[in-house]
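Data first, discussion second: the structure below is written as structure tokens.
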């Protein structure tokens with residue numbers, strides 16, 4: 060019986076199965092939730108905390124490619140430059156979880172991906188059209204510019220100059 064992956068690592072890929080979640084005990088782990096998981100590629104069981112699990116691993120969707128687990132590239136050989144042979148680099152397969160048998164089925168998968176992205180883009184446009192959002196974005200950008208300018212000036216003032224003891228002449 061082969062075990063099916065339930066999660067994959069967001070950056071390094073791979074196949075992982077979540078086994079259980081437990082409440083930690085002891086002085087250090089009191090009040091923390093721990094996740095027990097199995098690396099299906101290596102056959103190793105490990106434990107991590109729930110926050111790290113949720114931020115570093117993502118759940119495998121039913122239509123993610125079973126070969127590359129949604130990454131779209133060849134994970135068997137570790138070559139990120141080559142597309143996966145099961146999904147042809149799309150990361151998704153048919154709705155029933157089977158790899159596309161011909162180009163027409165592959166085009167259906169690609170169309171589904173495009174539709175999903177168009178829906179997400181339309182949702183983002185609706186959010187951006189909401190009154191006050193652009194003002195908030197402009198204010199955040201200006202705050203970031205002001206903070207960056209202040210930080211650069213402080214670094215310049217602390218930097219090595221040509222004045223007495225290597226300090227800069229600032230006119231203060």
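In the working numbering, the protein residues as written are 60 to 231.
C-beta: ideal position from N, C-alpha, C; glycine also.
None of the values given here were measured: they were computed from a predicted structure.
Measure the C-alpha to C-alpha separation of residue 64 and residue 209 and round it to an integer number of angstroms.
Mapped onto the chain shown, residue 64 falls at position 5. Mapped onto the chain shown, residue 209 falls at position 150. One Cα belongs to residue 64, the other to residue 209, and the distance between them is close to 48 Å.
Look up residue 172 in the DSSP assignment and say whether it is helix, strand or coil.
Along the chain shown, one-based indexing puts residue 172 at 113. Three-state DSSP puts residue 172 in a helix.
Measuring straight from C-alpha to C-alpha, what distance separates residue 143 and residue 197?
Within the chain shown, numbered from 1, the residue matching residue 143 stands at position 84. Within the chain shown, numbered from 1, the residue matching residue 197 stands at position 138. Rounded to the nearest angstrom, the two C-alpha atoms are 41 Å apart.
Kindly give me the distance between the Cβ atoms of residue 145 and residue 173, rounded to whole angstroms, as I take these residues to be in contact under 8 Å.
As a working mapping, residue 145 is identified with position 86 in the chain shown. As a working mapping, residue 173 is identified with position 114 in the chain shown. Their Cβ separation, rounded to whole angstroms, is 20 Å, which puts residue 145 and residue 173 out of contact at 8 Å.
Residues sharing a beta bridge with residue 97, DSSP:
Here the question's residue 97 lines up with position 38 in the chain shown. Paired residues: 76, 104.
By the DSSP assignment, the alpha helix (DSSP H) with residue 216 in it spans what residues?
The residue labelled residue 216 in the question sits at position 157 within the chain shown. Counting along the chain, the alpha helix (DSSP H) containing residue 216 begins and ends at 192–217.
Look at the alpha carbon of residue 103 and the alpha carbon of residue 139, and state the distance between them as a whole number of angstroms.
Reading the chain shown from its first residue, position 44 is the one you call residue 103. Reading the chain shown from its first residue, position 80 is the one you call residue 139. Each residue's alpha carbon lies about 24 Å from the other.
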